[in-house]
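Colleague:
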Amino acid sequence: MRSCPICGNRKIFSSYFKLMDSCPRCDYEFSREDGYWVGAVIMNTAVTEGLFLLLFIVASIAMAPDIDWVTLLVIGAATNLIFPVLFYPFSKTIWMAFDLVFMKRLER
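Position one of the sequence shown corresponds to residue -11 (this note's numbering), numbered consecutively onward.
(1) Just reading off the alpha helix (DSSP H) that L41 is part of, what are its end residues?
(2) Under 8 Å by Cβ, that's how I've got R13 and C(-5) pegged, so tell me the actual separation to the nearest angstrom.
(3) Name the residue from M(-11), V46, I55, F40 whose alpha carbon lies nearest to the alpha carbon of F71.
(4) So, using beta-carbon positions, are F5 and P77 closer together than 8 Å?
(5) Have a look at E37 and G23 and give me their C-alpha separation to the nearest angstrom.
Laid out in C-alpha cells, this is it:
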C-alpha cells in the first residue's frame, strides 16, 4: 500500500497527503478526470465506519451490562476523526489499484 499500482514504487507521495501527478519510476499518471477520487473517499468512509462499528460492538460487549456511553462517544469520535486522516493515502492507492483491475477487465 502507498505504492504505484503498476511498478510498486513507494515514493509516489511528496508528503503524507500529497500524491505526485505521476509515478517517478514508470510515469503512470495518477491524475484523472474530475470525480476520480470519489471512490477513494467512499472507501475511506466505508472502512472508517466499519472500524467504528466493530469497536462500538466490542466496547459495548466488554462494558455490558453497565455501558458507559461517554466512553463510547469518545471512542466513536476518536475513530471517526483520526482514522480517516491516517487512512487517506492508503485509500488513494487502493482505489488506483481497484481502478486498474476494473479497467483491465472492461477492456477485455
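We treat Cβ as the ideally placed atom computed from N, Cα and C, and that holds for glycine. Note that the coordinates shown come from a computational prediction; the quantities given were computed from them, not determined experimentally.
Modeller: A quick look at the data gives this:
(1) Its alpha helix (DSSP H) spans residues 26 to 51.
(2) Indeed they touch by this definition, with Cβ atoms about 5 Å apart.
(3) F71 has its Cα closest to that of F40, out of M(-11), V46, I55, F40.
(4) Result yes, Cβ atoms of F5 and P77 sit closer than 8 Å.
(5) Looking at the two C-alpha atoms, the distance is approximately 22 Å.
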